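Taking it in order: structure first as structure tokens, then the write-up.
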Amino acid sequence: MKNEKQISLLFFVMVILLVACRKEKDSISSVPIRGNVRNDCTGKGFPNVKVIFFTGYEGGYSVITTLTDADGNFSFPIQSIHSSSDYTYGLEVDSYTTFTYEFDAPGAVVIDKSNLGIFHHITAGATFDKLFLRLPHGVSVTPPDTFNVYMVQKIMQYYEPNSVVNTLSLPANIFRIGGYTYLYGYSMGTWQITLNKTKGGINTITTDSIYIGMGDTASYIVPY
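Be aware that the sequence shown starts at 859, since it is given in my numbering, and climbs by one per residue.
What follows is the structure, encoded as structure tokens:
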């Protein structure tokens, strides 16, 4: 009976040791967290955007926040990162809407621990408020004279050059009495403008461009 108790105790100890050996080891490393929040069309940084660094762990969740600087850059104090799978880490930039623009961001993104120390590029979009397109003062269009305004927005960054993200076609008949029309809620950035006009039986094509910032209201005179 005594031998059976000793065997049972020995078996219990071995099980405990086996479980302990299988328990995941946790090590801590110091990692700087930094990056940039930039516009997905212009490639320029967004200033004063709130960035959240979050830590998830068993039974809890913690966050620290910062704001981007004038160039869209952000950084957090050096963080103690646990190797254990009980811990997850990530960055969060949230979308929001104001009276004059929408800011469209990716939200919360979990980041692989091996990539936490890299410089993080977070892309976001934003809209302008309004763009008024006007004919010159006193100008009217009488058929068969006509025109069409084509507007194209391309991604201008070096890593995705000339990728078209928006294309608009604005024929003469959508211009209101008074010779104007307007757009609202489209992506901020540089828009390339092509005017195809027929006037006095002569067809001509001219090109131009306009930059409209986040939340801006702008005006463009159509050179008819």
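Quick reminder that beta carbons are idealized off the backbone N, C-alpha and C, glycines included.
What you are looking at is a predicted structure, and each value in this text was computed from that prediction instead of being measured.
Residue i, buried or exposed, once every other Cβ within 10 Å from all chains shown has been counted against 16
i        : result
Thr-1039 : buried
Asn-906  : exposed
Ser-1067 : exposed
Ile-1051 : buried
Asp-970  : exposed
Ile-980  : buried
Asp-987  : buried
Ile-922  : exposed
Residue i to residue j span [Cα, whole Å]
i        : j        : result
Ser-941  : Ala-963  : 28 Å
Cys-899  : Lys-883  : 44 Å
Gly-996  : Gly-1037 : 9 Å
Gly-917  : Tyr-945  : 10 Å
Phe-912  : Gly-948  : 5 Å
Glu-960  : Gly-1073 : 8 Å
Lys-1057 : Leu-989  : 25 Å
Ile-897  : Ala-984  : A small fix is needed here, since residue 897 is Asn in this sequence, not Ile. Distance between the alpha carbons of Asn-897 and Ala-984 is about 7 Å.
Thr-1064 : Asn-1006 : 11 Å
Boundaries (first-last residue) of the beta strand (DSSP E) holding residue i
i        : result
Tyr-1044 : From DSSP, Tyr-1044 is part of no beta strand (DSSP E); its letter is neither H nor E.
Leu-991  : 988-992
Pro-890  : 886-897
Asn-1031 : Premise fails: Asn-1031 is in no beta strand (DSSP E) and is neither H nor E.
Tyr-1058 : Per the sequence presented here, residue 1058 reads as Gly, with Tyr not at that position. Note, Gly-1058: premise wrong, no beta strand (DSSP E); not H, not E.
Gly-914  : 908-915
Thr-981  : 977-984
Per-residue DSSP class, three states only, for residue i
i       : result
Ser-953 : coil
Ser-938 : strand
Ser-998 : coil
Near the ligand MG: residue i beta-carbon under 8 Å from a heavy atom
i       : result
Gly-903 : In the structure on display, the ligand MG does not appear, and there are no ligands present to speak of.
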